[in-house]
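Asks:
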Amino acid sequence: MPGAFKKHAEAIYNMEVRPDDVWVITFPRSGTTWTQEMVWLLENNLDYETSKEKPLYERFPMIEITSMIPDIAFELIKTNFMNLGNFQGLSEAVRHASWSTVEKYSSPRFIKTHLPLSLLPPNLLNTAKVVYVARDPRDVVVSYYYLHKMVGKSLLRANFSHFWEAFRRDLLPWTPIVSHTNEAWVQRDHPNMHFIFYEDMIKDLVGEVHRMSQFLNRKYSEECIINLSQYLSFDNLRKNKNVNNTTTEGKDAVQFIRKGEAGGWRSHFDEKMEIQAEEFLMEKLKGLSLSYPSFQ
Ligand code: A3P
1 MPGAFKKHAE
11 AIYNMEVRPD
21 DVWVITFPRS
31 GTTWTQEMVW
41 LLENNLDYET
51 SKEKPLYERF
61 PMIEITSMIP
71 DIAFELIKTN
81 FMNLGNFQGL
91 SEAVRHASWS
101 TVEKYSSPRF
111 IKTHLPLSLL
121 PPNLLNTAKV
131 VYVARDPRDV
141 VVSYYYLHKM
151 VGKSLLRANF
161 SHFWEAFRRD
171 LLPWTPIVSH
181 TNEAWVQRDH
191 PNMHFIFYED
201 MIKDLVGEVH
211 RMSQFLNRKY
221 SEECIINLSQ
231 YLSFDNLRKN
241 KNVNNTTTEG
251 KDAVQFIRKG
261 EAGGWRSHFD
271 EKMEIQAEEF
281 LMEKLKGLSL
291 SYPSFQ
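So in UniProt numbering, the last spot in the sequence shown is 296, and the numbers never skip.
1) Grouping DSSP H, G and I as helix and E and B as strand, with all else coil, what is A97?
2) Counting only runs that start and end within the region 7-50, where is the beta strand (DSSP E) found for 3 or more residues in a row?
3) My guess is that D47 and P108 are in contact by the Cβ rule of under 8 angstroms, so how many angstroms apart are they, rounded?
4) Touching or not, the region 262-272 and the region 133-144, by the rule of three or more beta carbon pairs under 8 angstroms?
5) For I226, report the span of its alpha helix (DSSP H) as first-last.
6) Of the choices M15, L41 and F280, whose alpha-carbon is the least far from that of V209?
7) From this set, A9, T50, Y132 and S221, which residue's C-alpha is nearest N242's C-alpha?
8) Mark Y144 as exposed unless 16 or more other C-beta atoms lie within 10 angstroms of its C-beta, in which case mark it buried.
9) Is it buried or exposed, P61, if we count other Cβ atoms within 10 angstroms and call 16 or more buried?
10) If we count the other Cβ atoms within 10 Å of its Cβ and call it buried at 16 or more, is N182 buried or exposed?
11) Taking the alpha-carbon of I260 as reference, which of K203, H194, I111 and H180 has the nearest alpha-carbon?
12) How far does the alpha helix (DSSP H) with H210 in it reach, from first residue to last?
13) Taking the CB atoms as reference points, tell me whether T33 and I225 lie closer together than 8 angstroms.
14) Per DSSP, which residues does H190 bridge with? Please list them.
15) Consult DSSP for residue 304 and reduce its assignment to one of helix, strand or coil.
16) With hydrogens ignored, establish whether the beta-carbon of L237 is closer than 7 angstroms to any heavy atom of the ligand A3P.
17) Nearest-angstrom Cα distance between N192 and L281?
18) Apply the 10 Å Cβ neighbour rule to H162 and answer buried if 16 or more other Cβ atoms are within range, or exposed otherwise.
19) Assuming D136 and E199 make a contact with CB atoms under 8 angstroms, what is their CB distance in whole Å?
20) Cβ atoms of M150 and G31: under 8 angstroms apart, would you say?
21) Measure the Cβ-Cβ separation of V186 and F110 and say whether it is below 8 angstroms.
22) Once the 5 residues before and after M15 are set aside, which same chain residues still bring their CB inside 7 angstroms of it?
23) Could you check if R169 is buried or exposed, using at least 16 other CB atoms within 10 Å of its CB as the buried criterion?
24) Who are the near neighbours of P176 in its chain, counting only those whose CB is closer than 8 angstroms to its CB and skipping five residues on each side?
25) Can you find a heavy atom of the ligand A3P that lies under 7 angstroms from the Cβ of D139?
26) Helix, strand or coil for L288? Go by DSSP, reduced to three states.
27) Report the partner residues of F110 according to the DSSP bridge assignment.
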C-alpha cells in the first residue's frame, strides 16, 4: 500500500461498524463494481432511477478513498503511479474534497473496500453484512494490468510480463491476493458472510442474484430477479456511465468494464508465465482449504 496508508490504518481498523451496513470486500478487479450495483439495487427496492442519476462511487463509497483523501491520492500522483484524470471515481472524489469520511455517512451505508478482513474492524462480521467476491488470480492480474494502463502513468510503459512479475512478488497495492481471499474464505459459513466467485456470476447470474437477495433478506418476484440480471449484463453495464468508471476516450481506450470473461488470462500468458502461475497458486494455496473453481 502507498505509505500514507499507515497514517489511516488505525482509524479504519477502529471505525464504528453499524448493524445496517453492507460491505463489499474484494481484491481489485474481481467483480467489485458488478456486485456493488447488484447489492445496491437489491437493497434499494430496485430503484433504477436513482442508480441512473447518482454515480456508484457516491452511492457505494470506497473506504480507502474517502478516508485517505488527499494523502493517498496525492502520493499516488507524486510517485507517478496514477493519472487521476483518467479515473472518474477517484478524480471526482478528489475534486469533492469536502466529502465527509464514510463514518459520517447516514445509514444505511454501502461500503466498498479492497482491504483484507485483517485490516478492517475486528467486529465487522459480527455486526454487519459482508459480501466477498473472489476471482481466479490469473484473470485478476490481466484485468489489473489493463486498469493500470487506464490510470497508470509510469506503468503505461510496463508490459504485461513486468506487471505479472510485480504481482507474483506481491509488490502491487492490495497484494498478496491469495491470503486476502483466504481470510474471507475461512469465514464463509458465518451467517453475515456471503462469499461468491466471479466465475459463478459469469456462469449463472440469475442464480447468484437469487442467492444474494436471500442473503440480504430481500424478497423479489422471479420477474424482478430476471430483469435485474438483464440490467446487470456485461453489455448493459458497460454502457452505463454511472457504473463503468471510464473517462478515457478513443478507439483504443481501456474501459473499466473491459472484457467480462473467465479464463481470458490464457491469451496473455506465455508458457513460462503459465508454469509460474501454477507454481504461484500451488505455493500460496498449500495447506489451505481454499481452492478456485477454475484452478483445481
Ligand atoms: P475484465 O477486466 O477481466 O473484463 P472490479 O469492479 O473489481 O474492478 O472488476 C472489474 C472486472 O469485472 C473487469 O474484468 C470487468 O470487465 C468485470 N465486470 C464488470 N461488470 C461485469 C459484468 N456485468 N459481467 C462480467 N464482468 C464484469
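Think of the CB as a built atom: it goes at the ideal place given N, C-alpha and C, for glycine as much as any other residue. These figures come from a predicted structure and were not determined experimentally.
Replies: Result, derived from the coordinates:
1) Confidence is the limiting factor: at A97 the pLDDT is only 43, short of 50, which leaves the residue's position unreliable, though a coordinate-based value still follows. A97 falls in the coil class under three-state DSSP.
2) 22-26
3) With 8 angstroms as the limit, D47 and P108 do not qualify as a contact, their Cβ atoms being about 13 angstroms apart.
4) yes
5) E222 to Y231
6) L41
7) T50
8) buried
9) buried
10) buried
11) A small fix is needed here, since residue 260 is Gly in this sequence, not Ile. Nearest of K203, H194, I111 and H180 to G260, Cα basis: K203.
12) L205 to F215
13) no
14) Paired residue(s): none; H190 is not in a bridge.
15) It is not possible to answer for residue 304, since the shown part of the chain is limited to 1 through 296.
16) yes
17) 28 angstroms
18) exposed
19) 7 angstroms
20) no
21) no
22) E103 and P121
23) exposed
24) D170 and K284
25) yes
26) coil
27) V22
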